[in-house]
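Trainee: The structure that follows is given in the form of structure tokens.
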Amino acid sequence: MTLSVPESMVYEHGHSGRGVHVVVRNTSRIFEGKRGSVVACEDVSLEARPGEFLVIVGPSGCGKSTLLCMIAGLDKPTSGLITTTRSDGQPPTNSMVFHGRTLFPWLTLRANIAYGPLRHGASKIEARARADELLELVGLRDFGRSWPHQVSEGMRQRVSLARALATNPSLLLMDEPFGALDEQTRYILQEELLRIWQDTCKTVIFVTHSIEEALMLGDRVLVMTARPGRIAKEVIVPFGRPRDLGAVRSNPEFGPLFEDIWGTLREEVERGGAFS
Amino acid sequence: MNRRKTELLLTAAGPILLLVLWETLSRTKVISPIFWPAPSRIWPTAVDMFQHRDLWGDIQASLYRIFAGFVLGTIPGVMLGLAMGLWWPVRVFFMPLATAIYAIPKIAILPLVIIAFGIGEFSKIMIVAISIFFMIALSTMSGVLAIDDQFHDVAENLGADRWDMILTVALPGSLPSIFTGMRLALGFALIVIVGTEFLNADKGIGWVIWNNYQILRIKEMYVGLIVTGLMGWAMSLALDVVERYAIPWRSS
Chain A
522 MTLSVPESMV YEHGHSGRGV HVVVRNTSRI FEGKRGSVVA CEDVSLEARP GEFLVIVGPS
582 GCGKSTLLCM IAGLDKPTSG LITTTRSDGQ PPTNSMVFHG RTLFPWLTLR ANIAYGPLRH
642 GASKIEARAR ADELLELVGL RDFGRSWPHQ VSEGMRQRVS LARALATNPS LLLMDEPFGA
702 LDEQTRYILQ EELLRIWQDT CKTVIFVTHS IEEALMLGDR VLVMTARPGR IAKEVIVPFG
762 RPRDLGAVRS NPEFGPLFED IWGTLREEVE RGGAFS
Chain B
1286 MNRRKTELLL TAAGPILLLV LWETLSRTKV ISPIFWPAPS RIWPTAVDMF QHRDLWGDIQ
1346 ASLYRIFAGF VLGTIPGVML GLAMGLWWPV RVFFMPLATA IYAIPKIAIL PLVIIAFGIG
1406 EFSKIMIVAI SIFFMIALST MSGVLAIDDQ FHDVAENLGA DRWDMILTVA LPGSLPSIFT
1466 GMRLALGFAL IVIVGTEFLN ADKGIGWVIW NNYQILRIKE MYVGLIVTGL MGWAMSLALD
1526 VVERYAIPWR SS
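From first to last, the protein sequence lines are chains A and B. So the first sequence is numbered by my numbering: it starts at 522 and just counts up by one. So the second sequence is numbered by my numbering: it starts at 1286 and just counts up by one.
In structure tokens form, the structure reads like this:
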């Protein structure tokens, strides 16, 4: 059974008990193609606890995105089980921040953010108010009427985040959301994301290929293997909350953890054939 | 001289040179002034036709046929194109039909259209509609197919149902391609309506050309020709304006 299609929307701001418990058990996804089948995920088991910030790091093409899509309910596992449940018994809702340029180019920034609320039955006035609230939250109050192509990549990525938050999901799935950004913009958005997450008690599953990003953001980091994707290692991140991202990088524990994850990843990147 | 002025000059130079050449050759009788009357002699005829011979009425008749045919062809064309783009069985079913019929010169089906819809006004509208229908459908389909798959995932994740998928993803995403199709279709519509009016009409710009040719009123025939050109130009400008309103995210 796969639960995770958003069914209702709750407009009040988050409080404890809203986080989603995600369980992925022995899940595989095999794509049948003309030139044989590709195993994107093989026997993946993982769990994200309510309110947890879980990061999955792995080499490119390891099936991280596939895994997220299955958790989001956009794709079905070939075998295995994925469940998402909310501790207060309400139906869990999820939103995904996709990789790349995924704002609708034919909608203004405001209309992009209002898209989700409108689909969930909000009136035009409610959806607009919600969009303005989120534009304010991501620091783009004056850009509601701009088109996506008129603003910078960093601004578009903020709007993607705002669009995902607009339906007030209890589970936030993020697929390399900051991958295409320059370093300064990325730091700012990482800090904003942590602030928003801390205020709303959402469960976050965050996929990245950056070890540094994984350690700075996550409570826990799962390292995935090259295709077929499996979970190779789990790292508990010892840095406290609220987290000062500048201090994390200079923390003496940062280096050894980085080395540890890189040691595992390097084998996988080489084995995955990225350089052959 | 700056670039902008040079552009204007070059744009105007072509038509002006042609007119001057035509005028000189005709006046010096290098070309026969009977069959190639000088522009300065065509002009009074044009004024006379507008004032006393209801040329406006002919222009209106043709524009109405083109416009009505456009509406009747574009709306179902877009609907079929969206379906072909979104669902592969529809695409596979209609593709051979569409490509085969697309290749037939549209004026060749005029007899069939007359058999089906008579010789009245409706058949003239229908031949325009039929001519552009598959062209619009095919360009809409390619527009839908060119939309990045991720937009479907995004929309689904944000709660879009199948209907939202058509109206908020496929349709706006394929609009640029639809307008490309409409631009091509405009040319087709003009060809078809002039051809139809040659053969089967007592009004319209094609009728003006053909009727005057048959009774050897050459100057009047030229007026018809020039007006046809101007109509095509004006319709294309009108389509530009509509496009700017329909696709605001592209114009800025």
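Ideal Cβ placement from N, Cα and C applies to all residues, glycine included. Owing to the predicted nature of the structure, the values given are computational and were not obtained by experimental measurement.
Mind the definition here: the segment 1391–1408 of chain B touches the segment 549–565 of chain A only if three or more C-beta pairs lie below 8 angstroms; say whether that holds.
Mentor: Touching, no.
Trainee: Check whether the Cβ atoms of arginine 550 (chain A) and glycine 584 (chain A) sit closer than 8 angstroms, and answer yes or no.
Mentor: Taking the first residue of the first sequence as position 1, residue 550 (chain A) is located at position 29. Taking the first residue of the first sequence as position 1, residue 584 (chain A) is located at position 63. In contact: arginine 550 (chain A) and glycine 584 (chain A) (Cβ atoms closer than 8 angstroms).
Trainee: For the alpha helix (DSSP H) containing alanine 1486 (chain B), list its first residue and its last residue.
Mentor: Taking the first residue of the second sequence as 1, we reach residue 1486 (chain B) at position 201. Looking at the DSSP string, alanine 1486 (chain B) is not in any alpha helix (DSSP H), and its letter there is neither H nor E.
Trainee: Checking contacts by CB at 8 angstroms: is histidine 536 (chain A) closer than that to chain B?
Mentor: Position 15 of the first sequence, counted from the first residue, corresponds to residue 536 (chain A). The pLDDT assigned to histidine 536 (chain A) is 41, lower than 50, so where the model puts this residue is not dependable; a value taken from the coordinates is nonetheless given after this. Output row for histidine 536 (chain A): interface = no.
Trainee: Indicate whether asparagine 633 (chain A) and valine 680 (chain A) have their beta-carbon atoms separated by less than 8 angstroms.
Mentor: If you number the first sequence from 1, residue 633 (chain A) lands on position 112. If you number the first sequence from 1, residue 680 (chain A) lands on position 159. Yes. Within cutoff.
Trainee: Hey, does glutamate 1292 (chain B) have any beta-carbon neighbour from chain A nearer than 8 angstroms?
Mentor: To locate residue 1292 (chain B), count along the second sequence from 1; it is residue 7. It does not: the Cβ of glutamate 1292 (chain B) has no partner Cβ on chain A nearer than 8 angstroms.
Trainee: Anything in chain A within Cβ reach of aspartate 1449 (chain B), meaning under 8 angstroms, just list it in chain order.
Mentor: Counting from 1 along the second sequence, the entry for residue 1449 (chain B) is found at position 164. Residues of chain A passing the Cβ test: Arg640.
Trainee: Say whether chain A places a C-beta atom closer than 8 angstroms to the C-beta of glutamine 1435 (chain B).
Mentor: Here residue 1435 (chain B) corresponds to residue number 150 of the second sequence, with the count starting at 1. Yes, because at least one Cβ of chain A sits closer than 8 angstroms to the Cβ of glutamine 1435 (chain B).
Trainee: List the whole-angstrom C-beta distance separating methionine 695 (chain A) from valine 618 (chain A), where the pair is believed to meet the contact cut-off of C-beta under 8 angstroms.
Mentor: Along the first sequence, one-based indexing puts residue 695 (chain A) at 174. Along the first sequence, one-based indexing puts residue 618 (chain A) at 97. Rounded, the Cβ-Cβ distance is 4 angstroms, consistent with contact.
Trainee: Using 8 angstroms as the Cβ pair cut-off and three pairs as the minimum, do the segment 1476–1485 of chain B and the segment 1438–1454 of chain B touch?
Mentor: The answer is no - the segment 1438–1454 of chain B does not touch the segment 1476–1485 of chain B, with fewer than three Cβ pairs under 8 angstroms.
Trainee: Do you know offhand how far glutamate 791 (chain A)'s Cα is from proline 749 (chain A)'s?
Mentor: In the first sequence, the residue the question calls residue 791 (chain A) occupies position 270. In the first sequence, the residue the question calls residue 749 (chain A) occupies position 228. In a straight line, the C-alpha of glutamate 791 (chain A) is about 14 angstroms away from that of proline 749 (chain A).
Trainee: Checking the sheet assignment: what are the DSSP bridge partners for glutamate 755 (chain A)?
Mentor: Within the first sequence, the letter at position 234 stands for residue 755 (chain A). Answer is A:Leu743, bridged to glutamate 755 (chain A).
Trainee: Residues of chain B with a CB under 9 angstroms from the CB of serine 566 (chain A): which are they?
Mentor: Position 45 of the first sequence, counting from 1, holds the residue named residue 566 (chain A). The contacting residues do not exist; serine 566 (chain A) stays about 24 angstroms from chain B at best.
Trainee: I need the boundaries of the alpha helix (DSSP H) containing histidine 1337 (chain B), first residue and last residue.
Mentor: As a working mapping, residue 1337 (chain B) is identified with position 52 in the second sequence. Element bounds for histidine 1337 (chain B): 1324–1337.
Trainee: Per DSSP, which residues does histidine 542 (chain A) bridge with? Please list them.
Mentor: For this step, residue 542 (chain A) is matched to residue 21 along the first sequence. DSSP lists A:Thr606 as partners of histidine 542 (chain A).
Trainee: Do tryptophan 1534 (chain B) and proline 626 (chain A) count as a contact pair if the criterion is CB distance below 8 angstroms?
Mentor: Residue 626 (chain A) sits at position 105 when you count from the first residue of the first sequence. Residue 1534 (chain B) sits at position 249 when you count from the first residue of the second sequence. In contact: proline 626 (chain A) and tryptophan 1534 (chain B) (Cβ atoms closer than 8 angstroms).
Trainee: Figure out for me which residue from B:Glu1505, B:Met1380, B:Ile1394 has the closest Cα to the Cα of phenylalanine 1335 (chain B).
Mentor: Locating residue 1335 (chain B) in the second sequence gives position 50, where the first residue counts as 1. Nearest option by C-alpha distance: B:Glu1505.
Trainee: Between the alpha carbons of aspartate 1438 (chain B) and tyrosine 1507 (chain B), how many angstroms are there, rounded?
Mentor: Within the second sequence, residue 1438 (chain B) is the residue found at index 153, counting from 1. Within the second sequence, residue 1507 (chain B) is the residue found at index 222, counting from 1. Straight-line Cα distance between these residues: approximately 57 angstroms.
Trainee: Valine 560 (chain A) by DSSP, collapsed to three states: which one?
Mentor: Walking along the first sequence from the start, residue 560 (chain A) turns up at place 39. Three-state result, valine 560 (chain A): strand.
Trainee: Below 9 angstroms on C-beta distance, what does phenylalanine 619 (chain A) contact in chain B?
Mentor: Within the first sequence, numbered from 1, the residue matching residue 619 (chain A) stands at position 98. Chain B residues near phenylalanine 619 (chain A): Gln1435, Asp1438, Val1439, Asn1442.
Trainee: Thinking C-alpha only, which one of A:Ala643, A:Pro571, A:Ile717, A:Gly776 is nearest aspartate 609 (chain A)?
Mentor: Position 88 of the first sequence, counting from 1, holds the residue named residue 609 (chain A). Ranking the options by Cα distance to aspartate 609 (chain A), first place goes to A:Pro571.
Trainee: If you scan the segment 1391–1421 of chain B from start to end, which runs of the beta strand (DSSP E) of 3 or more residues do you find wholly inside it?
Mentor: Entirely contained in the segment 1391–1421 of chain B, not one beta strand (DSSP E) run reaches 3 residues.
Trainee: State the CB to CB distance for the pair leucine 766 (chain A) and methionine 737 (chain A), rounded to an integer number of angstroms; the pair is presumed to be in contact (CB under 8 angstroms).
Mentor: Translated into positions along the first sequence, residue 766 (chain A) becomes position 245. Translated into positions along the first sequence, residue 737 (chain A) becomes position 216. At roughly 5 angstroms, the Cβ-Cβ gap stays under 8 angstroms, so leucine 766 (chain A) and methionine 737 (chain A) are in contact.
Trainee: Among the residues of its own chain, which have a CB less than 6 angstroms from the CB of phenylalanine 1436 (chain B), if the five just before and after it don't count?
Mentor: Reading the second sequence from its first residue, position 151 is the one you call residue 1436 (chain B). Cβ neighbours of phenylalanine 1436 (chain B) beyond the five flanking positions: Val1454.
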